Amino acid sequence: MFISRKTIKISKNFKSGIVFNIKSSNIKCIAHHSVKSTSNFKSAKVIRKEFIDYYTNKMNHIFIPSSPVIPLCDASLAFVNAGMNQFKSIFLGHQKPPSSRVVNYQKCIRVGGKHNDISSVGLDTYHHTFFEMLGNWSFGSYGKEEACKYAWNTLTQLYGIDENKLYVTYFGGDELLGLKADLECREIWQKIGVPNDRILPRGMADNFWEMSASGPCGPCTEIHIDRPIHPADNKLHTNNNLKNDLHLTELWNIVFIEFERLAAGGIQPLNKQFIDTGMGFERLVTIIQGKNSNYDTDLFQPLFEAIQKSTNAPIYTGKFPSNNEHLIDTDYRIMADHTRMITIALADGMIPESNHKLRRIIRKAINIGIETFQSNNLLHELSYHVAESLGDVYPEVQTNLKQVQTIINYEMEHFLNLRASSGKQWQNLVETKPQLAAISDPYAAGLIHSYEILQSTLLNNHNLKTLPGDVAFKIYDTHGLDLEAIEELAQIEGLTVDKVGFNKCLEAAQVRSRVGITRLGKDVDTELIINYLKNNNVPKTNDSYKYNYEYDGVKYRLPLLKCKLLEVLINDNLLDKEYINNKLSRERLKNSKVAILLDKTSFYSQEGGQLSDKGIIYMNNLIFNVTEVHKIQDYVIHYGVFDTSSIKNDHADIELHTGDEVTVLVDEEYRSDLMRNHTATHLLNAALRNIFPVVAQRGSVVKNDNLTFKFSTFGKEIRPSDLISIEKQINNCIQSNIPIETKTVDMLELMSEKNLTIIPDEIYPDRNLRIVQVNGPELKSKETCCGTHVHNTGVLKQFSIVDVKSQGLSNKTMVAVTNKYVNNQMLKKTANNVINNGISQLCTGEVKDINQRKEIVLNFLTSEIDNVINSAVEPYIIHCFKSHDVEVESIPLQLVIKNYIDMPIFLIAISNRKFKARCFVPLNYLSNSFNAQLWMETIKNVVPIKLGFFKDEDPLIDCHSKVLKLPRDEILSLTENAIAEAKQFVSINAKQLISKNN
724 MFISRKTIKI SKNFKSGIVF NIKSSNIKCI AHHSVKSTSN FKSAKVIRKE FIDYYTNKMN
784 HIFIPSSPVI PLCDASLAFV NAGMNQFKSI FLGHQKPPSS RVVNYQKCIR VGGKHNDISS
844 VGLDTYHHTF FEMLGNWSFG SYGKEEACKY AWNTLTQLYG IDENKLYVTY FGGDELLGLK
904 ADLECREIWQ KIGVPNDRIL PRGMADNFWE MSASGPCGPC TEIHIDRPIH PADNKLHTNN
964 NLKNDLHLTE LWNIVFIEFE RLAAGGIQPL NKQFIDTGMG FERLVTIIQG KNSNYDTDLF
1024 QPLFEAIQKS TNAPIYTGKF PSNNEHLIDT DYRIMADHTR MITIALADGM IPESNHKLRR
1084 IIRKAINIGI ETFQSNNLLH ELSYHVAESL GDVYPEVQTN LKQVQTIINY EMEHFLNLRA
1144 SSGKQWQNLV ETKPQLAAIS DPYAAGLIHS YEILQSTLLN NHNLKTLPGD VAFKIYDTHG
1204 LDLEAIEELA QIEGLTVDKV GFNKCLEAAQ VRSRVGITRL GKDVDTELII NYLKNNNVPK
1264 TNDSYKYNYE YDGVKYRLPL LKCKLLEVLI NDNLLDKEYI NNKLSRERLK NSKVAILLDK
1324 TSFYSQEGGQ LSDKGIIYMN NLIFNVTEVH KIQDYVIHYG VFDTSSIKND HADIELHTGD
1384 EVTVLVDEEY RSDLMRNHTA THLLNAALRN IFPVVAQRGS VVKNDNLTFK FSTFGKEIRP
1444 SDLISIEKQI NNCIQSNIPI ETKTVDMLEL MSEKNLTIIP DEIYPDRNLR IVQVNGPELK
1504 SKETCCGTHV HNTGVLKQFS IVDVKSQGLS NKTMVAVTNK YVNNQMLKKT ANNVINNGIS
1564 QLCTGEVKDI NQRKEIVLNF LTSEIDNVIN SAVEPYIIHC FKSHDVEVES IPLQLVIKNY
1624 IDMPIFLIAI SNRKFKARCF VPLNYLSNSF NAQLWMETIK NVVPIKLGFF KDEDPLIDCH
1684 SKVLKLPRDE ILSLTENAIA EAKQFVSINA KQLISKNN
């Protein structure tokens, strides 16, 4: 049957009444009959359930639930993209399997890297960003023959697929690697009854599976089905045909993991062999339901119906584009696919702020909803239908639906603000360079500035063919544009990107930021030290003793620990054994920075936000005061100095020997304070989650005298009543004396934990993970944590919040204290930095005197700038004050700047709809290209300010803008853009001056 060429008009009832004129090419509708005739329609839910029931009831497998799509224990992945990901540690021998036979269905996302399906979504019948994988595994229970039989019987007997339509492939060998053809597999298929002409050999590319560049690997066999290829798939179909007259579609991949790929490139047999199988669920449903496209199945049709009913759009007809034409059916498919992916990812705890690929897809879906379906809320509404479709098999989707929709609404509001503020500027660029219209996320942060850097680079080098890696990294590091977006920009200008150079710059930056590297000093070669320790078989430090402590009813006790001295560093230089075993001069030990490596320790090294312990190491009548402890690749290094009083003057030399017995004594009071504050951090996290629909932890710092908790609330402001509620919840929990429970799990056990709080973007080890749990009547907390905690909430005594700050649209920071530090902080509490979050209502509402109110505001502003300076990495300040309670006219920026006249400073104040700014440039920073007036004028690009002038001010040194009213829904995004302009100006025009003055 053919559909004739015609014009499709969209009904004027479709939202705004816009009429589209869409021409469709002749599209052949192909019917295929791969499943034996049956009058009973099988829903996707039934098909999924039958698979699991078959393997659990008949094949004695145990069911393992799907892991989240967040790869919690694998830094090599942005998303879980295959069913085997959660079993990777078993293949690597890191943990034991939960059973020798396992079956499951797994949520998978493929939007980048080797497996990137996003560009094809909507254009063909089978590519998706989110899909499900059915699979069964054998961890030593059965081998090739059983695996092949199980798969064949599942398809032909359980699902009734015509065996005459099925073909199989096997590994045909590789001479270069010395791997023989898998003739055993071919014989197994012959034994099952597959004719020889339907058993076909394939090479390494198709029938040899590898997890990564090194590690477990092995040959595989695939089951294909001969079915007509949809015309939409022809242009995207990568000749999967094994014979000229066949159109084969892969159904099932069965991997025989029996080798290990070595780092040098060779392959050797594994001691243990495994079976790993995977079958695409959407494709299986398409075949069993007798459809031409995955989108024609009951996995997608309800979403299409929901889109149509919600927007009154034309009914989905299943047409596919040709010759780059645009069809509304394509947007139907993209919208449905992306909504499934977004809902699943957000329900699993993924946060767009820490995953640019997720944010890009969210924005694309919102944009399609607006541009094609004239609906701002379509993505939000469709998430209900995804939860209805998948919530029975993935209950977290239903449970976390409010969380999903809160983030969607936040991202939509942020996106609409970006469209309003930067849309015009971007459209102007598109008019001058129409190719820019193809950019997948035209509202990505830093995109316009990044394009300007690219243009500047091209102006300086007209013959440029490859964007240098350091330039690409500068764009990434300065403006936050991810590598994929940089590549998109470069491609428009006909450039490739030097990925190798980019990755080198990125690695160098990561090395600089790693904990412990800077602690070792500028000249120390950490890699050299670690290699030395490994090459000399120095055992890694056993620091499990850090958890050995008891509460005696009054205080925590940590027993003395006898250890052996292994290595010594003096002034960041590792001493070899021969030197250590000789005598060390008394004067050198007195005046040197020393680091000690022991075979075991009870000192806690700085991890998980908790600062390290302090204490003493006794050795050879010497006292070594430990001031910091750091762990580098499981080697725990104790930093400190020798107590000079223990080095007697009559000792000409000091003898230290490797293997000497030493005694470790941890400062118990200091550790106890750390433990109280770490437990309080968990309670604070839990209390916040009782108040806000979504809380994403961004980090924490646990000190002995306070705790700092950084988090996101996605648009929701913190009210005074919220703070009162948080303190009440936590103090009630303290008074209830709730026990703190801990347990150790491996990766698979971690995946099965319910109601577990994780840190977005955190990568956890795949074994020996500690879970810390508080199960109170009001507060319930369960987190993965390597830190040390009190045994009972009552030990905290009391809890108080002393500081709250807001940064950007959703990021918040709280500082709190416990125990004895509460009383010390109470007098400072109301005067601290709390105005931005509405808490000023508790303070300034009671203050009637205008001068006193001004003094409180000025103290707040000064305190905030002090905090900014303390955490600043650049020798200039650019900062925005936000308030709901203090009018912009009452915020004295000029008085604040008077306290910081030794550095360039740019301040913005916003309150409600009002905006003003002031900047200051010291005399020694002035130049023809950098002064206060030029600096202020640069933000005119995004905010229509007017400059103000006072007679006693030199505008080159001190410049300000008049108070300006901005649209309520644009003020935050316009302010962010103004900050970006100010940063770019100072980084370009004042770089040399800043370097000279510092």
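Using the numbering used here, the letters of the sequence shown map in sequence onto residues 724 to 1721.
Glycine included, every Cβ here is placed at the ideal spot set by N, Cα and C.
Keep in mind that this is a model prediction, so the values were computed, not measured.
Rounded to the nearest whole angstrom, the CA to CA distance from residue 1638 to residue 1610 is 10 Å. Residues of the same chain with a CB within less than 7 Å of the CB of residue 982, apart from the 5 flanking positions on each side, are 940, 941, 990, 991, 992, 993 in chain order. Fewer than three beta-carbon pairs drawn from the region 1088-1103 and the region 1173-1185 are found closer than 8 Å, and the two stretches are therefore not classed as touching. Residue 1414 and residue 1604 have their C-alpha atoms some 25 Å from each other. Residue 947 is a Cβ neighbour of residue 973, given a cutoff of 8 Å. With 16 or more neighbouring CB atoms inside 10 Å of its own CB, residue 1060 falls in the buried class. For residue 1606, the three-state secondary structure derived from DSSP is strand.
Under the DSSP definition of a beta bridge, residue 947 partners with 890, 973. Ranked by Cα distance from residue 1389, the options 1370, 1351, 1371 are led by 1351. Straight-line spacing of the CA atoms in residue 1423 and residue 1332 works out to 5 Å. The C-alpha of residue 859 is placed about 53 Å away from the C-alpha of residue 1340. Non-local C-beta neighbours of residue 1086 in its own chain, meaning closer than 6 Å and more than five positions away in sequence, comprise 1138, 1164, ordered along the chain. The alpha-carbon of residue 1202 is positioned some 11 Å away from that of residue 1209. At a cut-off of 3 residues, the continuous stretches assigned as beta strand (DSSP E) that sit fully inside the region 791-839 are 824-832. For residue 1285, there is no enclosing alpha helix (DSSP H); the enclosing beta strand (DSSP E) has its first and last residue at 1284-1293. A contact between stretches requires three or more CB pairs, one per stretch, nearer than 8 Å, and the region 1478-1496 meets this requirement with the region 810-819.
One Cα belongs to residue 876, the other to residue 799, and the distance between them is close to 35 Å. Residue 1511 places its beta carbon less than 8 Å from that of residue 1270.
Rounded to the nearest angstrom, the gap between the Cα atoms of residue 1379 and residue 1318 is 13 Å. Annotation for residue 1215: the continuous alpha helix (DSSP H) segment containing it runs 1206-1215. Residue 894 places its beta carbon less than 8 Å from that of residue 908.
Non-local C-beta neighbours of residue 1392 in its own chain, meaning closer than 8 Å and more than five positions away in sequence, comprise 1278, ordered along the chain. For residue 1113, the enclosing alpha helix (DSSP H) begins and ends at 1101-1113. Residue 1614 sits away from residue 1620, with the two beta carbons spaced by 8 Å or more. Comparing alpha carbon positions, the residue from 1124, 1118, 1116 closest to residue 1105 is 1124. DSSP, read as helix, strand or coil, puts residue 899 in coil. Under DSSP, the beta-bridge partners assigned to residue 1342 are 1345. For residue 1504, the pairing in a beta bridge is given by DSSP as 1497. Residue 1595 sits in coil when the DSSP states are folded into three classes, being neither helix nor strand. The region 1149-1162 and the region 1185-1195 do not touch, with fewer than 3 CB-CB distances between them shorter than 8 Å.
Residue 1013 sits in coil when the DSSP states are folded into three classes, being neither helix nor strand. From the listed residues 1434, 1131, 1036, the smallest Cα separation to residue 1095 is found for 1036. Assignment of beta strand (DSSP E) within the region 1379-1459, counting only whole runs of 3 or more residues, yields 1384-1389, 1419-1425, 1430-1435 in chain order. For residue 996, the enclosing beta strand (DSSP E) covers residues 990-1003.
Within the same chain, and ignoring the five residues on either side of residue 856 in sequence, the residues whose Cβ sits closer than 6 Å to its Cβ are 806, 829, 831, 1001. For residue 1180, the enclosing alpha helix (DSSP H) starts and ends at 1170-1183.
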